[in-house]
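In what follows, a structure is listed as structure tokens, so that the remarks can point back to it.
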Amino acid sequence: MQKNHSQHRILVVDDNRDAAELLQMVLQFQDYDVRIAFDGISGLALAAEFHPHVTCSDLNMPGLTGFDLASELRKSNHSGTTHLIAMTGLDTNENYLKAINAGFDRCFSKPFSMEEFTDYLDSVFLEIDRL
Numbered sequence: 064m065q066k067n068h069s070q071h072r073i074l075v076v077d078d079n080r081d082a083a084e085l086l087q088m089v090l091q092f093q094d095y096d097v098r099i100a101f102d103g104i105s106g107l108a109l110a111a112e113f114h115p116h117v118t119c120s121d122l123n124m125p126g127l128t129g130f131d132l133a134s135e136l137r138k139s140n141h142s143g144t145t146h147l148i149a150m151t152g153l154d155t156n157e158n159y160l161k162a163i164n165a166g167f168d169r170c171f172s173k174p175f176s177m178e179e180f181t182d183y184l185d186s187v188f189l190e191i192d193r194l
């Protein structure tokens, strides 16, 4: 049975358009309200108007990286409490530590299990809905 996630807002930021659009499609199929941006600057601007509950960001993007985006979101009035999920193809302890220090709550290594990812989102939104 499909869950009703239509009130749950997710922002996906990834310079790989195919990856961003695929994740958007999968999450919209599960009834999430999803917006995408293809770089950190656009992601930061979109977060200011969209106020996402969850932001999923690639780490290594040109210009404003995912690390920089996380730091900026944590300082913002509009998205300081967004749950931040890092997505990276560079699966190293150094990247994970840097991501957590930048403000990410969780890291997923690309390619990741979509089932594991959506199960994690379900747990995040269960917690958000309780508050």
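For the sequence shown, my numbering assigns the number 64 to the initial residue and increments by one for each residue that follows. All C-beta atoms, glycine included, are put in the ideal place defined by N, C-alpha and C.
Here residue 70 is exposed. Its C-beta has fewer than 16 other C-beta atoms within 10 Å. Each residue's CA atom was taken as its position, placing residue 173 and residue 153 some 8 Å apart.
Taking a contact as a CB-CB distance under 8 Å, the pair residue 181 and residue 147 does not count as one, their CB atoms being some 17 Å apart. In this structure, the CA atom of residue 144 is about 14 Å from the CA atom of residue 169. Contact between residue 101 and residue 72 is ruled out by a C-beta separation of about 18 Å, above the 8 Å threshold. When the beta-carbon positions are compared, residue 149 and residue 105 stay at least 9 Å from each other. When C-beta atoms of the region 156-170 are compared with those of the region 127-137, three or more pairs fall below 8 Å, so the two segments count as touching.
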